[in-house]
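These notes concern the structure reproduced below.
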Amino acid sequence: MTVSAIIPARYASTRFPGKPLADIAGKPMIQHVYEQTAKSALVNRVIVATDDERICDSVLGFGGEAVMTRADHPSGTDRLAEVAAGLDAEWIVNVQGDEPLIDPQMIDEAVQPMLDNPEIRMGTLKSRLVDESEYLNPNIVKVVTDQSGFALYFSRSSIPFLRDSKFGSTRIYKHVGLYVYRRDFLLQYPQLEETELEKSEKLEQLRALEHGYRIYVTETARESIGVDVPGDIGKVLARLAN
Numbered sequence: 022m023t024v025s026a027i028i029p030a031r032y033a034s035t036r037f038p039g040k041p042l043a044d045i046a047g048k049p050m051i052q053h054v055y056e057q058t059a060k061s062a063l064v065n066r067v068i069v070a071t072d073d074e075r076i077c078d079s080v081l082g083f084g085g086e087a088v089m090t091r092a093d094h095p096s097g098t099d100r101l102a103e104v105a106a107g108l109d110a111e112w113i114v115n116v117q118g119d120e121p122l123i124d125p126q127m128i129d130e131a132v133q134p135m136l137d138n139p140e141i142r143m144g145t146l147k148s149r150l151v152d153e154s155e156y157l158n159p160n161i162v163k164v165v166t167d168q169s170g171f172a173l174y175f176s177r178s179s180i181p182f183l184r185d186s187k188f189g190s191t192r193i194y195k196h197v198g199l200y201v202y203r204r205d206f207l208l209q210y211p212q213l214e215e216t217e218l219e220k221s222e223k224l225e226q227l228r229a230l231e232h233g234y235r236i237y238v239t240e241t242a243r244e245s246i247g248v249d250v251p252g253d254i255g256k257v258l259a260r261l262a263n
């Protein structure tokens, strides 16, 4: 089965303009993401999807593959679907373009269940949440799953709510924003009507749940570092140094 990884990359970031081209140890951040993704044992092809020629030129310059997309996409998933429409891969992985230290084994962990069960249309990752401040932080998305590993809900709220127990007495998970789609489902996704919960939580994956589709969630013990603001680059450099 063929698996293509697509890395959406936008130049215009409110908190960090030009983020994909930010220098990290002599390489643009997008190159770190690309090279880490290419190490995945299950990914056959890696493509950067961008609407900015500077990013496209940078990727081509280090020998990567890049595709120019429309600039008016309302979401990263729409950009992903535009590129996927021109591919013949059976599975599409959406890798965040701001995680220069993404562990390729995390990608494999998300992809393998899809290969094992082609009935799964969409998959993602979760990791154990051990810091109570993250549990209370609305910027950290939490996820609860059923006993088969399928998502019941994603929320910025503190879920599950600990009515009579203390933090640490119940396993709580945060969502890791790496997605795997069956290609035919991804092409349908932008056509699904935006939903109320999606708009309330500002979480696009809720669209799938509200329309009755299931999302398989694999637990990972691995961690990555996202770069949201320029100050986060220091954390990446510290990790690289170690």
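One gets this note's numbering by counting positions in the sequence shown from 1 and adding 21 to each.
C-beta atoms are modelled at their ideal positions from N, C-alpha and C, and glycine is treated no differently.
Keep in mind that this is a model prediction, so the values were computed, not measured.
Inter-residue spacing [alpha-carbon to alpha-carbon] between residue i and residue j
i    : j    : result
L63  : F83  : 22 Å
T264 : H53  : Because the chain is modelled from 22 through 263, residue 264 falls outside the range shown and cannot be assessed.
L81  : A87  : 7 Å
N65  : S186 : 46 Å
I141 : T98  : 18 Å
K48  : Q168 : 43 Å
E153 : D78  : 43 Å
S25  : I51  : 17 Å
V151 : Y194 : 8 Å
R177 : A110 : 33 Å
R192 : I246 : 22 Å
K157 : P181 : Note that residue 157 is Leu in the sequence shown, not Lys. Distance between the alpha carbons of L157 and P181 is about 11 Å.
T239 : A102 : 23 Å
R149 : R243 : 10 Å
P121 : Q209 : 29 Å
For residue i, the three-state DSSP class (helix, strand or coil)
i    : result
I141 : coil
R66  : strand
P121 : coil
G198 : strand
T191 : coil
A87  : strand
R203 : strand
R36  : coil
S148 : strand
I180 : coil
D99  : helix
Given residue i as reference, the closest of the options once Cα atoms are compared
i    : options                  : result
A229 : L173, G39 and A105       : L173
L258 : E155, T23, D44 and P38   : D44
I28  : D249, I180, G233 and E56 : E56
M22  : Q226, P139 and D124      : P139
E130 : G118, L218 and Y237      : Y237
D72  : G118, R235, V165 and A30 : A30
A106 : S61, F206, I128 and M135 : F206
S179 : N160, I68, Y234 and Q117 : N160
Range of the contiguous beta strand (DSSP E) that encloses residue i
i    : result
T239 : Y237 to E240
K163 : K163 to T166
S25  : V24 to A30
V114 : W112 to N115
Local Cβ density within 10 Å of residue i, reported as buried at 16 or more and exposed below that
i    : result
E74  : exposed
G85  : buried
T58  : buried
P95  : exposed
Q226 : buried
N263 : exposed
E219 : buried
Extent of the continuous alpha helix (DSSP H) run through residue i
i    : result
Y174 : Element bounds for Y174: not the alpha helix (DSSP H) but the beta strand (DSSP E), A172 to S176.
A106 : Unbroken run through A106: none, as it is neither H nor E.
R75  : E74 to G82
S186 : Unbroken run through S186: none, as it is neither H nor E.
beta-carbon residue i near the ligand MN non-hydrogen atom, thresh 7 Å
i    : result
L230 : With respect to the ligand MN, the structure offers nothing, as it holds no ligand at all.
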